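Undergrad: What follows is a structure written as structure tokens; I'll ask about it next.
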Amino acid sequence: MVGRVGVIGSCMMDLVTYVERMPEAGETLVAPRFAMGFGGKGANQAVAAALLGSEVMMVAKIGGDPFGESTAANFRAHRIDCRFVEKVAGVSNGVAPIFVEPSGENRILIIKGANDHLRPADIDRAEADLVACDLILLQLEIPLETIYHAVALAARAGRAVLLNPAPANPALDLARLRGVTFLVPNQSELRILTNRPTETPAQAEAAARMLLASGIGHVIVTLGAAGALWVSASGTKPIPAVAVAAVDTTGAGDAFIGSFAHYYARSRDIAESLRWASRYAADAITRPGTQKSFADAARFAAFCAGL
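Residue numbers for the sequence shown, in the working numbering: 12 to 318.
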């Protein structure tokens, strides 16, 4: 069965600088390498699902500049339905300067650009196609009013919706997320959402249960090298990580969510989809870059065969 995934979200051009260390205030350092790549949390998650074989549609805004043109071409190259990817004249595409240290850890800045022009009316225009999807993905690199509108639309249609609350936004209104099927924060995002400590798995579980009480179906907390924690009304289940030598963790969260969407859309098996997602994210961080680190189905199968 081929699942259909709808993604409402951001498109960025990643501007990646690989550093030996981050400079101190006022200090200038020579960095060994620079690369550009396609990014944006929405686009990344869409590409991961498409590479694995899902039918994917994207609802987004791109800039009226060369980066915007390249972004649209990238969607077409991945066979993503981009009928609802619209150019904003006179506005730059979103960009994300990223700094990657030798350990694979990263620091990211985001300039939203055209992403800030995605409005509820754009969701309404795509409604018929969105409600035909098995799972709708959302992130926080677009306006909050658009997030709330999409959540309400999915709830009315009885569609499963996943919200990745990244980058963390303290203004996010949990009362307007009632009906979200899956909320997928990392530990720092969970801490900001709940104003509670999340450093240990026990703390993360307690904070996640606060979110369940607000009307969210499942909370999946990503824990980096420690894997993930799936918290629901029926219990808590740890999802083990796959041990690999990390090269670049930049796209790990998006690889996890995009692959989870692919497997869940075709099976509705949450536990099994999370196990596959953990493996897919592990494979992605063994290569540099964001989307270009994501494996297609054949390459991922080869990685899994070697585990």
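Don't be surprised by glycine CBs; every beta carbon is placed ideally from N, CA and C. Computed from a prediction, not measured in an experiment: that's the story for all the values here.
Cα-Cα, which of V191, P176, A179, T301 is closest to A165?
TA: By one-based count along the sequence shown, residue 165 stands at place 154. The shortest Cα separation from A165 among V191, P176, A179, T301 belongs to V191.
Undergrad: Measure from the alpha carbon of I158 to the alpha carbon of each residue in A143, G169, L129, then state which is nearest.
TA: Position 147 of the sequence shown, counting from 1, holds the residue named residue 158. The option with the nearest alpha carbon to I158 is L129.
Undergrad: Apart from the five residues just before and just after C93, which ones in its own chain have a Cβ nearer than 7 Å to its Cβ?
TA: Position 82 of the sequence shown, counted from the first residue, corresponds to residue 93. M69, A83, F86, R87.
Undergrad: Have a look at the DSSP bridge pairing and note the partners of K248.
TA: For the purposes of this step, residue 248 is identified with residue 237 of the sequence shown, where counting begins at 1. Note: K248 sits in a beta bridge opposite W241.
Undergrad: Does the separation of the CB atoms of L155 and L183 fall below 8 Å?
TA: Residue numbering aside, residue 155 sits at position 144 when the sequence shown is read from its first letter. Residue numbering aside, residue 183 sits at position 172 when the sequence shown is read from its first letter. Yes, these two residues count as a Cβ contact at 8 Å.
Undergrad: Span of the alpha helix (DSSP H) holding H160?
TA: Along the sequence shown, read from residue 1 onward, the residue named residue 160 stands at position 149. Taken as a continuous stretch (DSSP letters only), the alpha helix (DSSP H) holding H160 covers 155-168.
Undergrad: For F193, which residues of its own chain have a beta-carbon under 7 Å away from its beta-carbon, when the five flanking residues on both sides are left out?
TA: Within the sequence shown, residue 193 is the residue found at index 182, counting from 1. So the list reads L173, G228, H229, I231, once near-sequence residues are dropped.
Undergrad: Report back the beta-carbon spacing between Q198 and K52 to the nearest angstrom; my notes put them in contact at under 8 Å.
TA: What you label residue 198 is simply residue 187 of the sequence shown in a count that begins at 1. What you label residue 52 is simply residue 41 of the sequence shown in a count that begins at 1. Q198 to K52, Cβ: 17 Å. No contact.
Undergrad: Using the Cα positions of A171 and M33, report the straight-line distance between them to the nearest angstrom.
TA: Here residue 171 refers to the residue found at position 160 of the sequence shown. Here residue 33 refers to the residue found at position 22 of the sequence shown. Their backbone Cα atoms lie some 41 Å apart in a straight line.
Undergrad: Runs of 4 residues minimum, wholly inside the region 44-132: which ones carry the alpha helix (DSSP H) assignment?
TA: Counting whole runs of 4 or more residues, the region 44-132 contains the alpha helix (DSSP H) stretches 52-63, 77-88.
Undergrad: Could you have a look at M12 and say whether DSSP puts it in helix, strand or coil?
TA: As a position in the sequence shown, residue 12 is number 1, starting the count at 1. Coil.
Undergrad: T233 bridges to which residues according to DSSP?
TA: For the purposes of this step, residue 233 is identified with residue 222 of the sequence shown, where counting begins at 1. Bridge partners of T233: N197, A239.
Undergrad: Quick one: give me the first and last residue of the alpha helix (DSSP H) that M23 is part of.
TA: Reading the sequence shown from its first residue, position 12 is the one you call residue 23. From DSSP, M23 is part of no alpha helix (DSSP H) but of the beta strand (DSSP E) over 23-29.
Undergrad: Excluding the 5 residues preceding and the 5 following N175 in the sequence, name in chain order all residues of the same chain whose CB lies nearer than 6 Å to its CB.
TA: As a first step, residue 175 must be located in the sequence shown, where it is residue number 164. Same-chain partners within the cutoff: Q150, V195, I268.
Undergrad: Looking at the secondary structure, which residues open and close the beta strand (DSSP E) in which Q302 lies?
TA: Here residue 302 is taken as the residue at index 291 of the sequence shown, counted from 1. No beta strand (DSSP E) contains Q302, which DSSP labels as neither H nor E.
Undergrad: With DSSP run on the structure shown, which of helix, strand or coil describes L223?
TA: In the sequence shown, the residue the question calls residue 223 occupies position 212. Here L223 sits in helix by DSSP.
Undergrad: Can you tell me whether F45 is buried or exposed, with buried defined as 16 or more other CB within 10 angstroms of its CB?
TA: By 1-based counting over the sequence shown, the position of residue 45 is 34. Exposed is the call here.
Undergrad: Opposite V18 in the DSSP bridges: which residues?
TA: Locating residue 18 in the sequence shown gives position 7, counting from the first residue. Looking at the DSSP assignment, V18 forms a beta bridge with M69, L148.
Undergrad: Closer than 7 Å by C-beta to N55: which residues in its own chain qualify, once you throw out the five before and the five after it? Chain order, please.
TA: Residue numbering aside, residue 55 sits at position 44 when the sequence shown is read from its first letter. Cβ neighbours of N55 beyond the five flanking positions: G262, D265, G269, T301, Q302.
Undergrad: Which residue from I91, A218, G64, M221 puts its Cα closest to that of A309?
TA: The sequence position of residue 309 within the sequence shown is 298, counting from 1. Minimum Cα distance to A309 is reached at G64.
Undergrad: Which value, in whole angstroms, describes the spacing of the CA atoms of V16 and L40?
TA: Here the question's residue 16 lines up with position 5 in the sequence shown. Here the question's residue 40 lines up with position 29 in the sequence shown. Those two C-alpha atoms are separated by around 43 Å.
Undergrad: With DSSP as the reference, label L174 as helix, strand or coil.
TA: Working through the sequence shown from its first residue, we reach residue 174 at position 163. Correct three-state label for L174: strand.
Undergrad: Hey, how far is the Cα of A404 from the Cα of D127?
TA: In this structure the chain extends from 12 to 318, so residue 404 is not present and cannot be described.
Undergrad: Tell me whether H229, by its Cβ, gets closer than 7 Å to a heavy atom of the ligand GTP.
TA: Here there are no bound small molecules, and the ligand GTP is not part of this structure.
Undergrad: Would you say the region 130-142 touches the region 102-109, given that touching needs at least three Cβ pairs under 8 Å?
TA: No: the two stretches stay apart, fewer than three of their Cβ pairs being nearer than 8 Å.
Undergrad: Identify which residue in G226, V255, S225 has its Cα closest to the Cα of G238.
TA: For the purposes of this step, residue 238 is taken as residue 227 along the sequence shown, with counting starting at 1. Per the Cα distances, V255.
Undergrad: How many Å lie between L188 and L223 at the Cα?
TA: Within the sequence shown, the letter at position 177 stands for residue 188. Within the sequence shown, the letter at position 212 stands for residue 223. Taking the straight line from one Cα to the other gives about 11 Å.
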